[in-house]
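**Student:**
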Amino acid sequence: MDLPADEGWDPTPGIVSVWADTAGRALVWRRLPQTGRLVREDVRFSPWLIARRLEDVPQAWIDDVRELEGPGALRHLVHVKPGSRIAALRDLGKDRILVLPPEEQYLVATGRTYFRDLSFDRLRRMQFDLETTGLDPLRDRIFMVAVRDPSGATSVLEARGAGDAAEADLIRRLVSAILAADPDVIENHNLHGFDLPFLARRARRLGVTLAFGRIPVGLRQRAARRGVLADDEGPQRIRFVAPGRELIDTLDAVMRYGFSTGDLPWRGLKAVARHFGVAGTDRELIPGDRIYEVYRSDPARVRRYASADVEEVARLAEILGGAAFALARMAPRRYERLADAGAATGVIDPLLVRAYLRAGRALPAHQDGDREPHTGAALHLFATGAAHRVVKADVASLYPSLMRSYRIGPARDTLGALLRLVDRLVERRLAAKASAKASRPGSAERFTHEAMSAAMKLVVNSAYGYLAAGGSLTRFADVHAANEVTRRGREVLDLMCRSLAERGVTLLEADTDGVYFAVPAAWSEADERRVVSEVAALLPPLVQLEFDGRYQAMLSHEPKNYALLGYDGSLVLRGVAFRSSRAEPFGDAFLRCAIPRLLVNDVAGVREAYVKMATALRRREVATYDVSSRVRLTRTPEGYLKIRDSRRELPYEALLASGRTSWTVGERIRVYRTAAGSGGLVADSEDGVRADDTDPRDYDADHYVSVLRDNFAERLSRALAPEDFNAVVADPDQPSLFEPLLAEARTILAPV
DNA sequence: AACGGACGGGG
DNA sequence: GTGTACGTCCGTT
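Going by our numbering, the letters in the first sequence line up with residues 1 to 752, in that order.
In structure tokens form, the structure reads like this:
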């Protein structure tokens with residue numbers, strides 16, 4: 001009873017899964033923290049709902065009614081007789097009724113949460129990964145499943161033959177392996193987007209029941225915005241549920257992490273594993289579209305590949321999984337829902353509902369806002385070109401800090417629950433950040449703390465999003481409060497910029513809560529830090545301006561598009577101008593080579609890099625792969641043939657020229673322009689795996705020299721006077737008089 | 001070129 | 001019994 005309501009008050013330890021139904025039966029699986037033993041409790045609970053008007057609830061269903069206090073519209077807490085079809089009442093609309101899913105009714109009513117007194121490493125976690133002959137479950141088959149059991153042992157199951165019977169047998173063996181290992185949690189990368197839907201479709205087609213939950217029923221479904229389209233009727237999107245186990249998709253965690261830190265441009269398993277340093281150096285890599293082909297000639301290689309996948313997923317889940325795990329200890333929802341839910345409606349709303357019920361207070365109904373438009377943040381670009389001695393300062397969690405500092409909360413939150421929640425989560429985040437800083441860079445421990453901090457930041461920052469969302473989405477939406485937050489935010493940013501400028505720095509770019517600026521040549525790092533702390537002292541309480549980094553130089557191209565050169569020579573590229581999945585690899589390589597030279601005022605070096613690349617292209621010393629670009633197919637074969645006479649498109653010409661007449665929309669391929677003016681195809685290898693095919697080198701060199709100049713070198717133009725830029729990109733086949741000039745050339749920085 | 005909507009991934 | 005943050009890419013005007 002001592003725990004605050006945003007924490008849950010029931011101390012029952014070790015809950016690892018909950019499954020409940022409208023009949024008022026809840027199955028609670030707990031892992032006893034002392035022994036690690038699994039127990040199942042079968043308990044009764046009283047299903048409940050909250051109604052605006054009692055008349056909306058059929059009299060025959062009502063067991064007990066309690067009137068809640070306060071001004072909220074949803075004020076009748078009704079306990080109904082078990083088995084009442086209360087889900088049907090949702091049709092009344094959110095402004096008249098609140099009916100939670102049965103597990104959440106149970107968790108809210110009891111004050112229980114998952115994982116109390118249980119550490120993440122006590123969970124029994126299992127990973128499995130399908131290998132299939134292709135991406136389409138209507139046509140393709142599962143031929144292999146890699147499995148990693150909770151003890152860490154990896155095994156590979158394989159179809160013993162090519163037909164239906166062999167595939168059905170493989171699926172049955174997978175189900176048996178899961179039942180034998182009895183995991184609390186099943187994990188994989190894109191589990192909900194690929195493995196489970198593929199498996200469900202194949203199982204259905206082959207007449208196999210996927211009863212790998214902890215009660216003997218097949219897979220269940222739940223509606224999910226980010227799910228896959230259901231096979232049956234309608235545009236309904238769903239995810240799968242295995243009662244008694246939690247199905248965790250590491251892609252969800254990666255997206256959350258990427259969103260909150262902004263430094264994970266690629267979300268695929270191999271790239272992410274490399275980023276977190278969990279990929280082995282001898283990791284087997286095979287381009288996705290060649291896996292089955294390789295299997296037929298070299299099955300051992302595919303076994304190594306698939307095993308590496310589950311090993312990496314397991315490590316990744318450890319590094320990133322701490323965040324959702326922590327949320328599950330707080331919020332009255334299933335762990336798997338907290339792992340994929342949005343922060344506002346997925347985490348904050350359940351916490352607020354529980355807090356209000358616990359306090360015996362009526363809940364406000366969802367309510368459309370008045371016509372007040374929402375106003376956003378500020379974005380300023382002060383200068384473009386090359387700047388030296390650059391400092392980045394930013395305010396951590398500006399919006400929640402403003403909410404806390406000025407006590408800006410939703411008008412209808414008469415309990416003040418949202419602000420109290422933000423206060424607590426900010427404290428937790430600061431603790432996690434401190435722990436991250438205290439642990440060794442690159443260590444798994446540090447990643448765990450950073451993931452935790454990122455999750456808290458996500459929830460905390462979405463407290464503002466919660467205010468700003470339309471009233472049809474969140475219960476306490478309040479556009480006036482949201483506008484007050486952004487207005488204060490613009491005020492703070494303006495004050496920061498003004499105060500910095502007064503202290504003699506050159507402003508470069510400022511955005512919402514952070515600012516880049518350049519300092520005079522004579523300044524030391526201590527001077528930089530002093531200026532930041534002087535300005536920090538001028539800001540409102542709780543708004544903490546931090547020294548976020550210092551760089552040798554910055555190439556400012558457009559708002560949110562820039563390059564930073566660290567004092568250690570490291571290069572950071574931001575924005576679509578400098579990093580795009582479509583960019584030809586040779587162009588990326590050129591920018592990575594040229595920008596550091598540009599930023600140390602070695603303009604002759606930039607010219608040299610340009611000449612080198614242009615010459616290599618003309619001599620076809622650049623591999624065909626490096627001039628290709630990755631595109632996504634959007635036309636069907638039939639659709640393209642219809643328009644082909646009026647309009648030729650490179651990707652489809654490349655497919656046809658290579659003899660392919662069938663493809664699927666959404667497929668990604670790598671194409672290049674051939675000297676003959678048509679399209680060529682290169683084996684895709686987004687994971688850095690190069691197919692060892694012979695390299696035709698029949699690309700249109702002149703075309704790619706133009707691409708080098710117009711698409712890539714152009715990104716450097718802001719930093720050079722026009723005549724210097726022209727000299728840099730002059731055609732190397734016509735040696736000119738300009739080159740000597742470049743030794744003296746200097747980069748420029750121009751106010752916008 | 002500017003805007004709105006879909007998607008992020010898996011074999 | 002659904003609804004996210006952001007950044008990128010595509011298709012449409």
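Quick reminder that beta carbons are idealized off the backbone N, C-alpha and C, glycines included.
#1: Residues in its own chain within less than 6 Å of Thr-664 by CB, not counting five upstream and five downstream?
#2: Using CA atoms only, rank isn't needed, just tell me which of Pro-400, Leu-467, Leu-229, Tyr-305 is closest to Asp-413.
#3: Spell out the partners DSSP gives Gln-367 in its beta bridges.
#4: Going by DSSP, which residues form a beta bridge with Met-144?
#5: Say whether the region 665–674 touches the region 608–623, bearing in mind that this needs 3 or more beta-carbon pairs closer than 8 Å, one atom from each stretch.
#6: Can you give, in chain order, each stretch of the alpha helix (DSSP H) that sits fully within the region 45–123 and has at least 4 residues?
#7: According to DSSP, is Asp-249 helix, strand or coil?
#8: Compute the distance between the beta-carbons of Ala-727 and Leu-708, then report whether it is under 8 Å.
#9: Quick one: what does DSSP say Asn-561 is sitting in, helix, strand or coil?
#10: Tell whether a beta-carbon distance below 8 Å holds between Asn-461 and Ser-524.
#11: From Arg-90 to Val-543, what does the alpha carbon distance come to, in whole angstroms?
#12: What residues match up with Glu-445 in a beta bridge as DSSP calls it?
#13: Looking only at its chain, what residues have a beta carbon closer than 8 Å to the beta carbon of Arg-53, apart from the 5 residues adjacent to it on each side?
#14: For Leu-421 and Asp-394, what's the separation of their Cα atoms in angstroms?
#15: Apart from the five residues just before and just after Val-156, which ones in its own chain have a Cβ nearer than 7 Å to its Cβ?
#16: Jot down the residue ranges of each uninterrupted beta strand (DSSP E) in the region 652–716, minimum 3 residues, whole runs only, in chain order.
#17: Let me confirm a value: Arg-337 is counted as buried when at least 16 other C-beta atoms fall within 10 Å, else exposed. Which label applies?
#18: On the three-state DSSP scale, how would you describe Arg-267?
#19: Who are the Cβ neighbours of Arg-582 in its own chain at under 8 Å, not counting the five residues just before and after it?
#20: Report buried or exposed for Gly-8, applying the criterion of at least 16 other Cβ atoms within 10 angstroms of its Cβ.
#21: Enumerate in chain order the residues of its own chain whose CB-to-CB distance from Asp-195 is below 8 Å, with the five nearest sequence positions on each side excluded.
#22: So which of Arg-201, Ala-253, Ala-577, Arg-620 has the shortest CA-CA distance to Ala-137?
#23: Which residues in the same chain as Arg-139 place their Cβ atom closer than 6 Å to its Cβ, once the five residues preceding and following it in sequence are excluded?
#24: Following the continuous beta strand (DSSP E) through Asn-188, name the residue where it begins and the one where it ends.
#25: Would the beta-carbon of Thr-220 fall within 8 Å of that of Val-18?
#26: By DSSP, does Thr-384 sit in helix, in strand, or in coil?
#27: Taking 8 Å as the cut-off, decide whether the C-beta atoms of Ala-20 and Tyr-106 are in contact.
#28: According to DSSP, is Gly-549 helix, strand or coil?
#29: Which of the three DSSP states is assigned to Leu-538 in this structure?
#30: With DSSP as the reference, please indicate the residues paired to Glu-649 in a beta bridge.
#31: Please identify the residue among Ala-383, Leu-247, Ala-253 whose C-alpha is closest to the C-alpha of Tyr-562.
#32: Work out the CA separation of Phe-590 and Ser-706 for me, nearest whole Å.
#33: Could you give the residue range of the beta strand (DSSP E) that holds Gly-227?
#34: By how many angstroms is the C-alpha of Pro-637 removed from the C-alpha of Val-729?
#35: Mind checking who Ser-17 pairs with in its DSSP beta bridge?
#36: Can you give the Cα-Cα distance for Glu-246 and Leu-191, rounded to whole angstroms?
**Tutor:** By the coordinates alone:
#1: Taking Thr-664 as the centre and dropping the five residues before and after it, the same chain places no C-beta closer than 6 Å to its C-beta.
#2: Of Pro-400, Leu-467, Leu-229, Tyr-305, the residue nearest in Cα terms is Leu-467.
#3: Within the DSSP secondary-structure output, Gln-367 pairs in no beta bridge.
#4: Beta-bridge partners assigned by DSSP to Met-144: Glu-131, Glu-158.
#5: Inter-segment contact for the region 665–674 and the region 608–623 is absent: fewer than three beta-carbon pairs are separated by less than 8 Å.
#6: Listed in chain order, the complete alpha helix (DSSP H) runs (minimum 4 residues) inside the region 45–123 are 102–110.
#7: In this structure, Asp-249 counts as strand in the three-state DSSP scheme.
#8: Leu-708 is positioned such that its CB atom lies no closer than 8 Å to that of Ala-727.
#9: Asn-561 falls in the strand class under three-state DSSP.
#10: One thing to note: Asn-461 has its Cβ no nearer than 8 Å to the Cβ of Ser-524.
#11: Rounded to the nearest whole angstrom, the C-alpha separation of Arg-90 and Val-543 is 42 Å.
#12: Paired residues: none, contrary to the question.
#13: By the criterion of a C-beta distance shorter than 8 Å, Arg-53 is surrounded in its chain by His-76, Arg-96, once the five residues flanking it on both sides are discounted.
#14: If I take the Cα positions, the gap works out to 24 Å.
#15: Cβ neighbours of Val-156 within its own chain (closer than 7 Å, five residues either side excluded): Met-144, Ala-146, Arg-303, Ala-306, Ser-307.
#16: DSSP runs (the beta strand (DSSP E)) wholly in the region 652–716: 668–673, 679–682.
#17: With 16 or more other CB atoms across the displayed protein chains lying within 10 angstroms of its CB, Arg-337 is buried.
#18: Correct three-state label for Arg-267: coil.
#19: Once the five neighbours on either side are set aside, the close Cβ partners of Arg-582 are Ser-629, Arg-630, Val-631.
#20: Burial call: buried.
#21: Same-chain partners within the cutoff: Phe-128, Asp-129, Leu-130, Asn-188.
#22: Here residue 137 turns out to be Pro, not Ala, going by the sequence shown. Here the closest residue by C-alpha is Arg-201.
#23: Short of 6 Å from the beta carbon of Arg-139, and not among the five residues preceding or following it, lies no beta carbon of its own chain.
#24: 185–188 is the span of the beta strand (DSSP E), which, as asked, contains Asn-188.
#25: Checking the displayed sequence, the identity of residue 220 turns out to be Arg instead of Thr. Val-18 sits away from Arg-220, with the two beta carbons spaced by 8 Å or more.
#26: Three-state result, Thr-384: strand.
#27: One thing to note: Ala-20 has its Cβ within 8 Å of the Cβ of Tyr-106.
#28: Of the three classes helix, strand and coil, the one that applies to Gly-549 here is strand, per DSSP.
#29: Note: Leu-538 maps to coil in three-state DSSP.
#30: BP columns for Glu-649 are empty, so no partner.
#31: Proximity to Tyr-562 across Ala-383, Leu-247, Ala-253 peaks at Ala-383, based on C-alpha coordinates.
#32: Pairing Ser-706 with Phe-590, the inter-Cα distance amounts to about 13 Å.
#33: For Gly-227, the enclosing beta strand (DSSP E) has its first and last residue at 220–229.
#34: Note on geometry: alpha-carbon atoms of Val-729 and Pro-637 lie some 40 Å from one another.
#35: Under DSSP, Ser-17 forms a beta bridge with Trp-29.
#36: Spanning the two alpha carbons is a distance of roughly 12 Å.
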